[in-house]
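**Student:**
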Amino acid sequence: MDSLSSFSTFVHAAETRSFTEAGRRMGLSASAVGKTIARLEAHLGVRLFHRTTRSIALTPEGERLLDSCRRILAEVDEVENELAGNRAAPRGKLRVSLPLLGRLFAPALASFMRQYPDIELDLDYSDRLVDIVDEGFDLAIRTGEGVDSRLMSRRIGVYHLVLVASPAYLALRGTPTGPADLATHALLHHRYPTTGKLEPWPLRREGDGQEPPLPVAAAASTLAPLLEMAEAGAGITCLPDFIVQQSLRDGDLVQVLAAHTEHANVFRAVWPSSRHIAPRLRVFIDHLGASLFPENAPAGPTTAPVR
1154 MDSLSSFSTF VHAAETRSFT EAGRRMGLSA SAVGKTIARL EAHLGVRLFH
1204 RTTRSIALTP EGERLLDSCR RILAEVDEVE NELAGNRAAP RGKLRVSLPL
1254 LGRLFAPALA SFMRQYPDIE LDLDYSDRLV DIVDEGFDLA IRTGEGVDSR
1304 LMSRRIGVYH LVLVASPAYL ALRGTPTGPA DLATHALLHH RYPTTGKLEP
1354 WPLRREGDGQ EPPLPVAAAA STLAPLLEMA EAGAGITCLP DFIVQQSLRD
1404 GDLVQVLAAH TEHANVFRAV WPSSRHIAPR LRVFIDHLGA SLFPENAPAG
1454 PTTAPVR
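Everything in the sequence shown is counted per my numbering, starting at 1154 for the first residue and increasing by one.
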């Protein structure tokens, strides 16, 4: 049995949840896909799919095999690319999980696509914490230091939370001069989608050391609406600096209470652990870091993953 070919067929069937669609992708009939899966099941001695007349679904054994097959096929692809050296530009497909900040990533992604036209991007925008391995992502962009032991990561930048508002809002309501002044303002908060809790604002504690009251005029589970509401004059919000850079340059927003805030966090790329890093993944990480955080870009290209 050609194991690599069988594994590839299995992965296509698992990802599409359809023998017919898997066959269409591979230029095979649904019957040929079904027979390949049946031979693989017989060879392994386990059932990989639950089958009905309308659909297929992975068994627990199939779920485990899917992760292994993806890694095996990715490593074969990576080794082939490494052996090919510079004879061809990076190519292939990248499935990437990104936070819901389309306006931030769009210019970097557009320039990447122009530079690497043979790399197909499959972009999934979500603020939920995806399971990179189980859901079949090649890469995810995350914040913070904590990393799953199954993953490799590279820090691509450092960002700071800043308080911003539109000039029109401040002209109407006044500019706060200290954290205590926020009690009389319309504040736009980010609510963590997983816990429902409001994200803390990075205000230095002053005087008695107590946190100032921060009234809630509006709360959103994603950051993009907060940016848009602040630009529209709805209130003061707290956002990462890399999100508001363009708005600050254009004059749509101004920073407030800069001397009263302190915060720093890490922006990183994470991907499934492997002995090799595919050229298409390497150039994507390098490009994203250089585009979003040019001041933090490494001196050379990514040569090995860093935990």
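From the three backbone atoms N, C-alpha and C, an ideal C-beta is built for every residue, glycine too. If you're wondering where the values come from, they're calculated on a predicted model, not measured in any experiment.
(1) On the premise that P1329 lies in contact with V1407, defined as a C-beta separation below 8 angstroms, what is that separation, rounded to the nearest angstrom?
(2) Mind checking which residues open and close the alpha helix (DSSP H) that includes D1405?
(3) Would the beta-carbon of A1292 fall within 8 angstroms of that of W1424?
(4) Between the C-alpha atoms of D1394 and L1314, what's the straight-line distance to the nearest angstrom?
(5) Within 10 Å of its beta-carbon, does A1431 have 16 or more other beta-carbons around it, so buried, or fewer, so exposed?
(6) Entirely within the stretch 1182–1213 and at least 4 residues each: give me those alpha helix (DSSP H) ranges in chain order.
(7) Restricting to Cα atoms, I'd like to know which of L1379, Q1399, V1283, G1187 is closest to R1344.
(8) Are the CB atoms of H1230 and S1250 nearer to each other than 8 angstroms?
(9) Could you give the residue range of the beta strand (DSSP E) that holds Y1278?
(10) Starting from the Cα of K1246, find the closest Cα among Y1269, L1257, A1259, E1214 and give me that residue.
(11) Closer than 8 angstroms by C-beta to A1385: which residues in its own chain qualify, once you throw out the five before and the five after it? Chain order, please.
(12) Note down the Cα distance separating M1305 from I1285, rounded to an integer number of angstroms.
(13) Throw me the rounded Cβ distance for the D1280 and P1346 pair, which I believe falls under 8 angstroms.
(14) With DSSP as the reference, label F1437 as helix, strand or coil.
(15) Is DSSP giving V1283 helix, strand or coil here?
(16) So, L1341 versus A1321, is the Cβ gap smaller than 8 angstroms?
**Tutor:** Answer, in terms of the structure:
(1) About 12 angstroms; that fails the 8 angstroms criterion.
(2) No alpha helix (DSSP H) contains D1405, which DSSP labels as neither H nor E.
(3) According to the sequence provided, residue 1292 is Leu. The question's Ala does not apply to it. Note that the C-beta distance between L1292 and W1424 is below 8 angstroms.
(4) C-alpha separation (whole angstroms): 6 angstroms.
(5) buried
(6) At a cut-off of 4 residues, the continuous stretches assigned as alpha helix (DSSP H) that sit fully inside the stretch 1182–1213 are 1183–1197.
(7) L1379
(8) Here residue 1230 is Asp; the residue named in the question, His, does not match the sequence. For D1230 and S1250, no; Cβs fall outside 8 angstroms.
(9) 1272–1278
(10) Y1269
(11) S1319
(12) Straight-line Cα distance between these residues: approximately 11 angstroms.
(13) 5 angstroms
(14) helix
(15) coil
(16) no
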